[in-house]
Every structure is written in C-alpha cells, then in structure tokens.
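Scroll down for the structure; my scribbles are underneath it.
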Amino acid sequence: MFIIYIDDRKEVLNLLWFKKSKDNFPIIKCSYMLGTIINLKVYGENAAKGIDKSLKRIQEIDDKMSVFKEDSEVSKINKNAGVCLQRVSKDTYYVLETSLKYSDMSKGAFDPTIRPLVDVWGFGRGVERVPNKEKIEYALKLVSYKEISLNKDEKSIGLNNKDQSIDLGAVAKGFAADETRDILLKNNVKSAVIDLGGNIFTLGSNLNGDPWRIGIQDPVKPTGTYMGIISVRNKSIVTSGNYERFFISRGKRYHHILDSKTGFPSENGVISVTIISDNSIDGDALSTCAYVMGLENGYKLIQSIPNVDAIFITGNKKIYITDGIKNNFKLVNEEYIVA
Ligand code: ADP
Ligand code: MG
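The numbers in our numbering rise by one with no breaks, and the one at position 300 of the sequence shown is 1150.
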C-alpha cells in the first residue's frame, strides 16, 4: 500500500515551467472501492472513457467479492458453509481457483479460508483486539483450503464445514488491477499507472518513453517515504507490509497478515515483501504467500517462478532482491543494506 510515483513531480514541473501541451498530462481519478483508495492516472485521448469503464468494473468486482456486502457472491458462499455449494460468476470462480493454486504452492501459508481468523482479530471491522486463546483455536480449526468444494462445470463453490468462511482480500485487488489494465488496453490506452491501494500496474512507459519509476515504501517511516525505486514497464508491483493495517495493544503491534499455522500475525523477521510480476493477481497472492513463508522459503519460491521477482525487507534493515530485478532497483536510503 501507499507507493509513490516519483514521476509526478516532473509532471508538475513540466506544467509550471515548460508549459507543455495539456495532452501531455494525464487524467487522474480517485475513488474508494475494495476497502482501499483507488487512483487511476491515464494518458491519451481515450483516458476519460477508459477510466469510466474501469471504475465500473472495479465496482462490479467489489460487489461480487466483498465479505462486507451481504449479497456478494462471497457472502453467499459463506452463508451456505456446511450446507450447499453456491453458484458464482466466472470472476469469483477464477479468483478462488487462482487462490487455491497459491495455497498449494505455499503449502497453506496463503489460505482463502482465513476469514474466521481475520474475524476474531477484528480486522476490517474497526474492532481490532487480541482474541483469547479459545477463539483463536476455534478459528484455526476452520482454516483449511482443502475443505473447499468446487464444481467447475457449474461454476459453484462450497465450504464443507459450518462456520467456515472465505476472504479474497489478499487477491481481489490484484485481479481488479489486471481487469483495469485489460480495459485500458482495449480502449487503446498506451500509458497509465493503475493504483488500487498499493496494488500497482504500470501500463506502457511514461511520456518520455522511459520506464515508470515506482517508490517502495520504507516500512518503518511515515507513509510516502520511500527507501528504494524500481523502474519497470508493463509490470505489476504489489507490496504486503506489516505497516499497512495494524493496531497496537499493550505496546505491541499486531498487523493483518495472519499465519495460518499459529493464528497470530505472521512474525518471521520479514516486514515487507514487494512482488514484481506480469499479472497483478499473481503478485497480490504471492506477496501474501512470501510474507507468511518468510525469507528463506519465500525467496526460494519466488526464484522458482519465471518472470516473477521480489524485494524482501527484514526488520534488521536488510534487503533481499531476486536476480531478475536487481538491475532495476535503486536504493535511496543508505540505512538499508542490500544482502
Ligand atoms: P493488503 O490487503 O493490505 O494489500 P495483502 O494483499 O497482504 O494486504 O492481504 C491481506 C489481507 O488478506 C488481510 O486483510 C486478510 O483479509 C487476508 N489475509 C490475511 N492473512 C492471510 C493469509 N495467510 N492467507 C490469505 N489471506 C490472508
Ligand atoms: Mg496480497
């Protein structure tokens, strides 16, 4: 969440000092959907149309996948837990099926049936608190991605046990970012930055034909302070960090990425993972996977996947960068050490 576009400053300079034609300036629209701030910055003559269509599509995805909307498809699956399968749209089926691929790949570190656990911690409902042991134990028993039944022909999804529930919060923004990219491409947009609460997709190049430069949030500094810059074209950049959503109780900080083995916020030394990939749904799922898996196993997993790279930051200010992105990363805060 909260990644900074370094190019914005240049644009303001262009506007004020070099008085470039207004066609060189993007249309920027902000909105609040998927539980986060949406920011679309789109260039070219079809920008307005592309943005309108994209925002409608993001709203549609939110309506289908939100756990907070009573009649969303995800809520219907959850209400029918232990009872029957629920027919869903192609979108929800695809997002859940993709989630399960990453559950297998991460041996359950990423688990879309995490909802009962998220719920006892109160995340997303504004009632965060440290739950008692019994509540955590009960919720943990319900977290099991293997207890999902799927019928591909009918496009239906069911939870095998009563009280189980799914949460697509760790992947839905990624899916929506990919859909937005596809809509913009169909509308002939060549250059854009799609930002869905830090799930970034950089479409094409910036106006100078150079790669987009995206700042990576310093996990221990105020929002907007970046510790490094990555330069990319046509890539998704997604960060999962312990600073994104958290609360403090008795001086201890508890964040929203949960370890499905312990039932507690994942604590393994990693405090931020950024994934650079071609598709944002993969980046979104993998940033959560790698965060929970930790440095050693997470790094190995990312290195094993073609065209996917990662930047891990640990609490002791070390940075671990996979081979494919090393040359595109520039450190700007010397307190950090590239390991
Ligand atoms: P953000 O939503 O802040 O961008 P993530 O993509 O890492 O961050 O997703 C975190 C969200 O995913 C949590 O708010 C919760 O809804 C859900 N979640 C938490 N832990 C897990 C997990 N181990 N597996 C799958 N989803 C999780
Ligand atoms: Mg994620």
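From the three backbone atoms N, C-alpha and C, an ideal C-beta is built for every residue, glycine too.
No experiment lies behind these values; they were computed from the predicted model shown.
Excluding five sequence neighbours on each side, which residues of the same chain lie with their C-beta closer than 6 Å to the C-beta of residue i?
{"i": "residue 851", "result": "Interpretation of residue 851 is limited by its pLDDT of 44, a score under 50 that renders its predicted location unreliable; the figure taken from the coordinates is listed afterwards. Excluding residues within five positions, the ones whose Cβ falls inside 6 Å are 1047, 1048 and 1094."}
{"i": "residue 926", "result": "936"}
{"i": "residue 992", "result": "966, 1013 and 1014"}
{"i": "residue 1213", "result": "Any answer about residue 1213 is impossible in this case: the structure gives the chain only from 851 up to 1189."}
{"i": "residue 948", "result": "1131"}
{"i": "residue 893", "result": "876 and 1041"}
{"i": "residue 952", "result": "960, 1135 and 1139"}
{"i": "residue 1092", "result": "1105 and 1121"}
{"i": "residue 1153", "result": "1172"}
Per DSSP, residue i is paired with what?
{"i": "residue 880", "result": "889"}
{"i": "residue 1049", "result": "1046"}
{"i": "residue 1081", "result": "1063"}
{"i": "residue 1120", "result": "1164"}
{"i": "residue 960", "result": "Note: residue 960 sits in no beta bridge, so no partner."}
{"i": "residue 1001", "result": "1006"}
{"i": "residue 1127", "result": "1086"}
{"i": "residue 1180", "result": "1079"}
{"i": "residue 1159", "result": "1126"}
{"i": "residue 936", "result": "1007"}
{"i": "residue 1188", "result": "1169"}
{"i": "residue 1115", "result": "1108"}
{"i": "residue 1102", "result": "1099"}
{"i": "residue 1091", "result": "1122"}
Among the options, which has the Cα closest to the Cα of residue i?
{"i": "residue 1064", "options": "934, 970, 1172 and 1126", "result": "1126"}
{"i": "residue 1103", "options": "899, 891, 1115 and 1119", "result": "1115"}
{"i": "residue 896", "options": "1061, 1034 and 1134", "result": "1034"}
{"i": "residue 1099", "options": "1011, 948, 977 and 1060", "result": "977"}
{"i": "residue 886", "options": "1179, 971 and 1027", "result": "1027"}
{"i": "residue 903", "options": "979, 1148, 1032 and 947", "result": "1032"}
{"i": "residue 1120", "options": "919, 1076 and 1138", "result": "1138"}
{"i": "residue 1178", "options": "1061, 1072, 1106 and 922", "result": "1061"}
{"i": "residue 1106", "options": "973, 954 and 933", "result": "973"}
{"i": "residue 985", "options": "917, 963 and 971", "result": "971"}
{"i": "residue 997", "options": "987, 1005 and 962", "result": "962"}
{"i": "residue 934", "options": "1011, 1045 and 983", "result": "1011"}
{"i": "residue 1097", "options": "1001, 975, 1176 and 906", "result": "975"}
{"i": "residue 1083", "options": "1143, 1054, 932 and 1002", "result": "1054"}
{"i": "residue 1003", "options": "982, 940, 1016 and 950", "result": "940"}
{"i": "residue 918", "options": "906, 983, 958 and 1016", "result": "1016"}
{"i": "residue 954", "options": "901, 1143 and 1156", "result": "1143"}
Between which residues of its own chain and residue i is the CB-CB distance below 7 Å, once the five residues before and five after are set aside?
{"i": "residue 1167", "result": "1185, 1186 and 1187"}
{"i": "residue 883", "result": "908, 909 and 912"}
{"i": "residue 980", "result": "1099 and 1104"}
{"i": "residue 1170", "result": "1145, 1149, 1162 and 1189"}
{"i": "residue 854", "result": "Residue confidence is low: residue 854 scores 49 on pLDDT, short of 50, so the model does not pin down where it sits. Its coordinate-derived value is still stated next. So the qualifying residues of the chain are 1065, 1074 and 1076."}
{"i": "residue 891", "result": "876, 878, 1042 and 1043"}
{"i": "residue 1068", "result": "1075, 1076, 1077 and 1183"}
{"i": "residue 1174", "result": "1159"}
Can you list, in chain order, the residues of its chain with a C-beta nearer than 8 Å to that of residue i? Leave out the 5 residues immediately preceding and following it.
{"i": "residue 945", "result": "915, 1018, 1021, 1022, 1025 and 1131"}
{"i": "residue 1085", "result": "1051, 1052, 1126, 1127 and 1128"}
{"i": "residue 987", "result": "1113"}
{"i": "residue 1176", "result": "none"}
{"i": "residue 1164", "result": "1119, 1120, 1121, 1145 and 1170"}
{"i": "residue 1133", "result": "1024, 1049, 1086, 1087, 1088, 1125, 1126, 1127 and 1158"}
{"i": "residue 1005", "result": "937, 938, 939, 940 and 943"}
{"i": "residue 1079", "result": "856, 1063, 1064, 1065, 1066, 1179, 1180 and 1182"}
Less than 8 Å between the C-beta atoms of residue i and residue j, yes or no?
{"i": "residue 879", "j": "residue 1037", "result": "no"}
{"i": "residue 1030", "j": "residue 1043", "result": "no"}
{"i": "residue 1135", "j": "residue 960", "result": "yes"}
{"i": "residue 923", "j": "residue 942", "result": "yes"}
{"i": "residue 1007", "j": "residue 1070", "result": "no"}
{"i": "residue 928", "j": "residue 1057", "result": "no"}
{"i": "residue 1172", "j": "residue 1122", "result": "no"}
{"i": "residue 1151", "j": "residue 994", "result": "no"}
{"i": "residue 1108", "j": "residue 968", "result": "yes"}
{"i": "residue 1000", "j": "residue 931", "result": "no"}
{"i": "residue 1110", "j": "residue 964", "result": "yes"}
*How would the residue list near the ligand MG read, in chain order, if you kept each one whose beta-carbon is closer than 7 Å to any heavy atom?*
1020, 1021, 1024, 1088, 1090, 1134, 1135, 1137 and 1138
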